[in-house]
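Trainee:
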Amino acid sequence: MKKECLRVFAVFMVFTFLLSLFPFVTFAQNTAYEKDKYPHLIGNSLVKKPSVAGRLQIIKQNGRRILADQNGEPIQLRGMSTHGLQWFPQIINNNAFAALANDWGCNVIRLAMYIGEGGYATNPQVKDKVIEGIKLAIQNDMYVIVDWHVLNPGDPNAEIYKGAKDFFKEIAQKFPNDFHIIYELCNEPNPTDPGVTNDEAGWKKVKAYAEPIIKMLRQMGNENIIIVGSPNWSQRPDFAIKDPIADDKVMYSVHFYTGTHKVDGYVFENMKMAIEAGVPVFVTEWGTSEASGDGGPYLDEADKWLEYLNANNISWVNWSLTNKNETSGAFVPYISGVSQATDLDPGSDQKWDISELSISGEYVRSRIKGIPYQPIERTLKISQDQVACAPIGQPILPSDFEDGTRQGWDWDGPSGVKGALTIEEANGSNALSWEVEYPEKKLQDGWASAPRLILRNINTTRGDCKYLCFDFYLKPKQATKGELAIFLAFAPPSLNYWAQAEDSFNIDLSNLSTLKKTPDDLYSFKISFDLDKIKEGKIIGPDTHLRDIIIVVADVNSDFKGRMYLDNVRFTNMLFEDVTPQTTGYEAISKLYSKKIVNGISTNLFGPEKAVTRAEVAAMAVRLLDLQEESYNGEFTDVSKNSWYANEVSTAYKAGIILGDGKYIKPEKAVTREEMAVFAMRIYRILTDEKAEATEEIAISDKNSISSWARQDVNAAISLGLMDVFTDGSFGPKAKVARAEATQIIYKILELTGKM
0 MKKECLRVFA VFMVFTFLLS LFPFVTFAQN TAYEKDKYPH LIGNSLVKKP
50 SVAGRLQIIK QNGRRILADQ NGEPIQLRGM STHGLQWFPQ IINNNAFAAL
100 ANDWGCNVIR LAMYIGEGGY ATNPQVKDKV IEGIKLAIQN DMYVIVDWHV
150 LNPGDPNAEI YKGAKDFFKE IAQKFPNDFH IIYELCNEPN PTDPGVTNDE
200 AGWKKVKAYA EPIIKMLRQM GNENIIIVGS PNWSQRPDFA IKDPIADDKV
250 MYSVHFYTGT HKVDGYVFEN MKMAIEAGVP VFVTEWGTSE ASGDGGPYLD
300 EADKWLEYLN ANNISWVNWS LTNKNETSGA FVPYISGVSQ ATDLDPGSDQ
350 KWDISELSIS GEYVRSRIKG IPYQPIERTL KISQDQVACA PIGQPILPSD
400 FEDGTRQGWD WDGPSGVKGA LTIEEANGSN ALSWEVEYPE KKLQDGWASA
450 PRLILRNINT TRGDCKYLCF DFYLKPKQAT KGELAIFLAF APPSLNYWAQ
500 AEDSFNIDLS NLSTLKKTPD DLYSFKISFD LDKIKEGKII GPDTHLRDII
550 IVVADVNSDF KGRMYLDNVR FTNMLFEDVT PQTTGYEAIS KLYSKKIVNG
600 ISTNLFGPEK AVTRAEVAAM AVRLLDLQEE SYNGEFTDVS KNSWYANEVS
650 TAYKAGIILG DGKYIKPEKA VTREEMAVFA MRIYRILTDE KAEATEEIAI
700 SDKNSISSWA RQDVNAAISL GLMDVFTDGS FGPKAKVARA EATQIIYKIL
750 ELTGKM
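Take the sequence shown: its position 128, counted from the start at 1, is 127 in numbering that gives the first Met the number 0, and no numbers get skipped.
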């Protein structure tokens, strides 16, 4: 029975929900700035531009080693880091750099070039954005940190990072000894396998990686400041107290996030100990959120950190220049029905309006400039219906939503959609449901505008299951172009909390109207992901701890607006309840199902032993040949216009794959083996444009039982290996063909013609 959406009427409840769901929805603070409490947050006299400060050096002052300008006077760098340039390359534009230099007062920008996760290792063209960014930084009078973004895996010596030395050599050759450039050799060494341990042995691995690169840069005549990361996500600069790198222009990075790392905590104490021992420290990444990028913003804790850094002349760079929907992002993100994403190019006036900045962006801008933080009022009118969700319930797998709760599913922090999550009926079953309208102005990152669902803290494993499957439904108000791309990811702690399935499931909206609907007028899709195929060579083993499950429905230049439904999320070792790895034809069924060439006979059943019908073979042929479906005009007495196969049978008939008998085509008649041979050879000939006949007579013990119209094709099908005789030498021409057997034959055709 359809469950009614739980409605929330209390004003306080709505307000509370908004604050948790939309962290940028706040109201102007009334408290005055506490100048006496944090005196070093105001002013920026040491934040000097390269045109004034020139070449940077490290000096010793009061027993501490700090950054200084060309004259040996203290200098502090304050600025921003890009997000991953493979995801947000649009930030590399002159208007943005001018805005940062002039309106924000930055004297440094950090260019984060990821190596993994679609970065330099697989997309070396991202280097061009780094080079462009260096030129723009110099043009706009800023220092520039070139960040080789080691993250996953965590050991900078790992195979994926083997291009580091050549990369830095190339940059140094293009910009020889340019004093604007600061080299950051390894963003965050960490334990992610293959990783480095959080101890002296781990630090020695980092040193072994960094020292040859430093030596090379110095031999090339480069006197630039070089920054080296440390174990545990660059939280251990204290290792350099006893075991420093022998170079007087090397600094050590510290990273922190104010929602996770407190001023009286582990990271702060490690940094303070290093600073007091004379280790030159540079905070090359910090954020106002938790370390995940979400939660907060934690501005009170940020004030405490920055007060210490400014008082001790420690340079810092904030994460990050993105309109991604995460708290630490500097710009307003896209959220369906709530806000449009800020353009990363501010335009010819070279200035972002304060309303285009997130709370974090507005706060950090004021701290870079050294002016009081006086936030603008941010109010949004959001209807009660938008925030009226079904009860969240407890995390459960399989998730079938029959108890009327969301069974733990919720919006993930970066989700581009955060409206009501309700329980609605879909195809006779309860399903999780939500409304979506993708923006007309497309974002570079398709995930930024996407519904992003998370089953948080399910804390499970895949066990011996090969797939994660679920049912997905669409009820569009508009859907005429583009695609929806569905992605699956997990948050395994052992894999740095991210493991994404290699393949996506794409829905072509331009062909949506040709698909059959459920009785309740929904388009239905059976989604499956192979858990043995994970990006970046990661392995999710049977016992790999999976903290969270994430499902993303990304926009690929689509015009979709309407409702989506999710149901029956489950791990399974089979695509259907009656198909296992031991089932004859298992590989063929799984691969043709993933290519949408074969379907089940119901939601969870394939019917491998059920006799295949002429209509089912016709449908397989139309799909594998990618024939444009013809609208059925009622030319056959035994084919109803309302039957699921009407268009497929009509199309196959016109293509010469299935023949009729006058006004009859017998769509639901079981296919015999001799008929299947004929169908197979017709499909093969269309694919290859070959005559394809047997060159010699095949020995078949019951060949006289084969109909004269089928003998030639039976011989050809056996010759090509599409079909075979039984162990007793017979062919069994009048025997019925099972659905699994028909699928295997179609699969062999595709293999033989190189179409798999």
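Backbone N, C-alpha and C fix where the C-beta goes; we use that ideal spot for every residue, glycine too.
Evaluate TYR265 with the Cβ neighbour count: other Cβ atoms within 10 Å of its Cβ, from every protein chain shown; 16 or more gives buried, anything less gives exposed.
Mentor: What you label residue 265 is simply residue 266 of the sequence shown in a count that begins at 1. TYR265 comes out exposed.
Trainee: Rounded to a whole number of angstroms, what is the C-alpha to C-alpha distance between GLY753 and GLU689?
Mentor: Your numbering for residue 753 matches position 754 in the sequence shown. Your numbering for residue 689 matches position 690 in the sequence shown. Each residue's Cα considered, the two are about 15 Å apart.
Trainee: Using the beta-carbon count (16 or more within 10 Å), is SER630 buried or exposed?
Mentor: Taking the sequence shown and counting its residues from 1, one reaches residue 630 at position 631. So SER630 ends up on the exposed side.
Trainee: Checking the sheet assignment: what are the DSSP bridge partners for ILE180?
Mentor: By one-based count along the sequence shown, residue 180 stands at place 181. Paired residue(s): VAL143.
Trainee: Pairing CB atoms from the region 679-688 with CB atoms from the region 707-722, are three or more of them under 8 Å?
Mentor: The region 679-688 is in contact with the region 707-722.
Trainee: Have a look at TYR683 and ASN151 and give me their C-alpha separation to the nearest angstrom.
Mentor: Within the sequence shown, the letter at position 684 stands for residue 683. Within the sequence shown, the letter at position 152 stands for residue 151. Their Cα atoms are separated by approximately 46 Å.
Trainee: In the structure shown, what three-state DSSP assignment does TYR256 receive?
Mentor: For the purposes of this step, residue 256 is taken as residue 257 along the sequence shown, with counting starting at 1. Of the three classes helix, strand and coil, the one that applies to TYR256 here is strand, per DSSP.
Trainee: Can you give me the Cβ contacts of TYR208 inside the same chain, cut-off strictly under 6 Å, excluding the 5 residues immediately before and after it?
Mentor: Translated into positions along the sequence shown, residue 208 becomes position 209. PRO155 and ASN156.
Trainee: Out of ALA239, GLY633 and ALA620, which one is the CA nearest neighbour of GLY655?
Mentor: Translated into positions along the sequence shown, residue 655 becomes position 656. Comparing Cα-Cα distances from GLY655 to each of ALA239, GLY633 and ALA620, the minimum goes to ALA620.
Trainee: Does the region 285-303 come within contact of the region 331-347, defined as at least 3 CB pairs closer than 8 Å?
Mentor: Cβ pair count under 8 Å is below three, so no.
Trainee: Go to TYR113, then tell me how far its beta strand (DSSP E) extends in each direction, as first and last residue.
Mentor: Counting from 1 along the sequence shown, the entry for residue 113 is found at position 114. That run of the beta strand (DSSP E) goes 107-113.
Trainee: So, at 6 Å on beta carbons, what are the nonlocal neighbours of PHE21 in its own chain, with the 5 sequence-adjacent residues on each side left out?
Mentor: For the purposes of this step, residue 21 is taken as the residue at position 22 of the sequence shown. Annotation note: pLDDT 45 at PHE21 (below 50); position unreliable, no value reported.
Trainee: Just how far apart, CA to CA, sit TYR372 and PHE330?
Mentor: Here residue 372 refers to the residue found at position 373 when the sequence shown is read from its first residue. Here residue 330 refers to the residue found at position 331 when the sequence shown is read from its first residue. Cα to Cα, the separation comes out at about 17 Å.
Trainee: Determine the burial state of GLU423: buried for a count of at least 16 other Cβ atoms within 10 Å of its Cβ, exposed for fewer.
Mentor: To locate residue 423, count along the sequence shown from 1; it is residue 424. By the neighbour-count rule (16 or more Cβ atoms within 10 Å), GLU423 is buried.
Trainee: Look at ASP402 and GLY392 and say whether their C-beta atoms are less than 8 Å apart.
Mentor: Residue 402 sits at position 403 when you count from the first residue of the sequence shown. Residue 392 sits at position 393 when you count from the first residue of the sequence shown. Yes; because the gap between Cβ atoms is below 8 Å, this pair is in contact.
Trainee: Look at VAL145 and TYR182 and say whether their C-beta atoms are less than 8 Å apart.
Mentor: Counted from its first residue, the sequence shown places residue 145 at position 146. Counted from its first residue, the sequence shown places residue 182 at position 183. Yes, the pair counts as a contact, with Cβ atoms nearer than the cut-off.
Trainee: Can you list, in chain order, the stretches of the alpha helix (DSSP H) that have 4 or more residues and sit fully within the region 541-606?
Mentor: 585-593
Trainee: Measure the alpha-carbon distance for GLY220 versus GLY536 and round it to whole angstroms.
Mentor: To locate residue 220, count along the sequence shown from 1; it is residue 221. To locate residue 536, count along the sequence shown from 1; it is residue 537. Rounded to the nearest whole angstrom, the CA to CA distance from GLY220 to GLY536 is 38 Å.
Trainee: Going by the beta-carbon positions, is the gap between MET141 and VAL129 smaller than 8 Å?
Mentor: Taking the sequence shown and counting its residues from 1, the one referred to as residue 141 is at position 142. Taking the sequence shown and counting its residues from 1, the one referred to as residue 129 is at position 130. No.
Trainee: Could you tell me the boundaries of the beta strand (DSSP E) in which PRO475 lies?
Mentor: For the purposes of this step, residue 475 is taken as residue 476 along the sequence shown, with counting starting at 1. That run of the beta strand (DSSP E) goes 466-477.
Trainee: Does LEU76 come within less than 8 Å of chain C when only Cβ atoms are used?
Mentor: In the structure shown, chain C does not exist; there is a single protein chain.
Trainee: What does DSSP give as the partner residue(s) for HIS148 in the beta ladder?
Mentor: Numbered from 1 along the sequence shown, position 149 holds the residue referred to as residue 148. BP columns for HIS148 point to TYR113.
Trainee: With a CB to CB cut of under 7 Å and the five nearest residues on each side skipped, what residues in its chain are close to GLN85?
Mentor: Along the sequence shown, one-based indexing puts residue 85 at 86. Closer than 7 Å at Cβ, skipping near neighbours: TYR113, GLY117, GLY118, ASN122 and VAL125.
Trainee: Just to confirm the assignment, what range does the alpha helix (DSSP H) spanning GLN743 have?
Mentor: The residue labelled residue 743 in the question sits at position 744 within the sequence shown. First-last of the alpha helix (DSSP H) with GLN743: 738-751.
Trainee: If we ignore side chains and look at the alpha-carbon of each, how far apart do LEU658 and VAL670 end up?
Mentor: Within the sequence shown, residue 658 is the residue found at index 659, counting from 1. Within the sequence shown, residue 670 is the residue found at index 671, counting from 1. The straight-line gap from Cα to Cα measures roughly 13 Å.
Trainee: Rounded to whole angstroms, how far is the Cβ of SER80 from the Cβ of TRP318, which I believe are closer than 8 Å?
Mentor: One-based indexing of the sequence shown puts residue 80 at position 81. One-based indexing of the sequence shown puts residue 318 at position 319. About 5 Å separates the two Cβ atoms, so the contact holds.
Trainee: For GLY62, which residues of its own chain have a beta-carbon under 8 Å away from its beta-carbon, when the five flanking residues on both sides are left out?
Mentor: Numbered from its first residue, the sequence shown carries residue 62 at position 63. Excluding five sequence positions before and after GLY62, the CB atoms of its chain that fall closer than 8 Å to its own CB belong to GLU275 and GLY277, given in chain order.
Trainee: DSSP on ASP317, reduced to helix/strand/coil?
Mentor: The sequence position of residue 317 within the sequence shown is 318, counting from 1. In the sequence as presented, Asp is not what sits at residue 317; that position holds Asn. The answer is strand: DSSP assigns ASN317 an E or B state.
Trainee: Given this structure, state the Cα-to-Cα distance separating GLU427 from THR602, to the nearest angstrom.
Mentor: Position 428 of the sequence shown, counting from 1, holds the residue named residue 427. Position 603 of the sequence shown, counting from 1, holds the residue named residue 602. The sequence as given places Gly at residue 427; Glu does not occur at that position. Between the C-alpha atoms of GLY427 and THR602 there is a straight-line separation of about 11 Å.
Trainee: Please list the segments of the alpha helix (DSSP H) lying wholly inside the region 670-700, counting only runs of 4 or more residues, in order along the chain.
Mentor: 672-687
Trainee: What is the C-beta distance between PHE605 and ASP577, in whole angstroms, given that I count them as a contact (C-beta under 8 Å)?
Mentor: In the sequence shown, counting from the first residue as 1, residue 605 sits at position 606. In the sequence shown, counting from the first residue as 1, residue 577 sits at position 578. Contact flag correct, Cβ pair sits at about 6 Å.
Trainee: Identify whether PRO73 lies in helix, strand or coil by the three-state DSSP scheme.
Mentor: Residue mapping note: residue 73 aligns to position 74 of the sequence shown, counting from 1. Correct three-state label for PRO73: strand.
Trainee: Using only alpha-carbon positions, find the residue among ALA741, ALA484, GLU439 and VAL280 that is nearest to ASN311.
Mentor: For this step, residue 311 is matched to residue 312 along the sequence shown. If we check each option's Cα against that of ASN311, VAL280 comes out closest.
Trainee: With 16 as the cutoff for other CB atoms within 10 Å, does LYS59 come out buried or exposed?
Mentor: Working through the sequence shown from its first residue, we reach residue 59 at position 60. Answer is exposed; the Cβ neighbour count stays below 16.
Trainee: Please give the ranges of any alpha helix (DSSP H) in the region 216-259, keeping only runs that are unbroken, at least 4 residues long and fully inside the region.
Mentor: Entirely contained in the region 216-259, the alpha helix (DSSP H) runs reaching 4 residues are, in chain order, 230-233 and 238-241.
Trainee: Could you pull the DSSP bridge partners for ARG451 from this structure?
Mentor: Looking up residue 451 in the sequence shown gives position 452. The partner list for ARG451 (beta bridge, DSSP) reads VAL551.
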